[in-house]
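Each remark here refers to the structure printed beneath this line.
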Amino acid sequence: MAKTKARVTSTHHVAVRFDCPISVIWDDILLGLGSGRQFEEQGYRMAPLGDDPRAYLGGYRMWREETDDPDERLVYISECDDIARRLSLCAYYLGAKARGTVVHATYSAARNNIGHWYQIDCHGTYDLEIDEHSSAADVAAIMIKSKEEMDRYLTASLEVRKQYLEAEHTKKQAY
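Residue numbering for the sequence shown is 1452 to 1626, as defined by the working numbering.
Have a look at this one:
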């Protein structure tokens, strides 16, 4: 069956409650994602985008070549609000397998009456390969499954970050 591409967007909102001060969460967002350090910890190489006018608030190129699926992105900071504790990034995925992906993500450290939360709100647009005669219902079924998988992935990544930050905070409190 012949294939075609549909330009689709998937939206995600996840949050995990952390048992540490909100400043610990915000510092992790700002230093880990704003500088790309968190991606370096995952094996990416980094280079600042200092000469790129689109990086007016900062940005970086990140890439990983040693895998079966090379990953390269240009990441631009589009918002950094210390008062609201909110960092927004726009990432352009490059390369043959990137499917023209553009992701807009906002990471925030939030407080409510039951605790401190690390939140991710994002939407990604990309080319989805589908059968030529796919209906809107066919695409919706694919996107529902994809959204569920990405929401699980994002929540799991926050749970890992939670364990790390809470352990680090507990160590600091012990000294």
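Don't be surprised by glycine CBs; every beta carbon is placed ideally from N, CA and C. This one's a predicted model, so the numbers in the text were calculated from it and none came from an experiment.
For a quick check, are the C-beta atoms of residue i and residue j less than 7 Å apart?
| i | j | result |
| --- | --- | --- |
| Cys1531 | Leu1508 | yes |
| His1620 | Val1475 | yes |
| Gly1510 | Leu1500 | yes |
| Tyr1569 | Leu1609 | yes |
| Arg1562 | Ile1473 | yes |
| Tyr1663 | Ala1506 | Residue 1663 is absent from the structure shown; the chain starts at 1452 and stops at 1626. |
Where does residue i sit, in a helix, a strand or coil, going by DSSP?
| i | result |
| --- | --- |
| Ala1542 | strand |
| Leu1508 | coil |
| Gly1501 | coil |
| Tyr1527 | strand |
| Lys1629 | This structure does not reach residue 1629, given that the chain is present from 1452 up to 1626, and the question cannot be answered. |
| Met1601 | helix |
| Asp1519 | coil |
Skipping 5 residues on each side, what residues in its chain have a beta carbon closer than 8 Å to that of residue i?
| i | result |
| --- | --- |
| Gly1546 | Pro1521, Asp1522 and Glu1523 |
| Ile1565 | Arg1468 |
| Ile1593 | Leu1579 and Ile1581 |
Tell me where the alpha helix (DSSP H) around residue i begins and ends.
| i | result |
| --- | --- |
| His1555 | Looking at the DSSP string, His1555 is not in any alpha helix (DSSP H); the run it does join, the beta strand (DSSP E), is Val1553 to Asn1563. |
Residues in the same chain with beta-carbon distance under 7 Å from residue i, minus the five sequence neighbours each way, listed in chain order, please.
| i | result |
| --- | --- |
| Arg1458 | Thr1576 and Asp1578 |
| Val1554 | Ala1542, Cys1573 and Gly1575 |
| Arg1537 | Glu1530, Thr1557 and Ser1559 |
Once the 5 residues before and after residue i are set aside, which same chain residues still bring their CB inside 6 Å of it?
| i | result |
| --- | --- |
| Arg1515 | Gly1494, Tyr1495 and Asp1522 |
| Ser1539 | Ser1529, Glu1530 and Thr1557 |
| Glu1491 | Met1497 |
Quick check on the DSSP output: the beta strand (DSSP E) that includes residue i runs from which residue to which?
| i | result |
| --- | --- |
| His1423 | With the chain covering only 1452 through 1626, there is no way to say anything about residue 1423. |
With 7 Å as the threshold, decide whether the Cβ of residue i is near any Cβ in chain C.
| i | result |
| --- | --- |
| His1574 | The structure shown contains no chain C; it is built from a single protein chain. |
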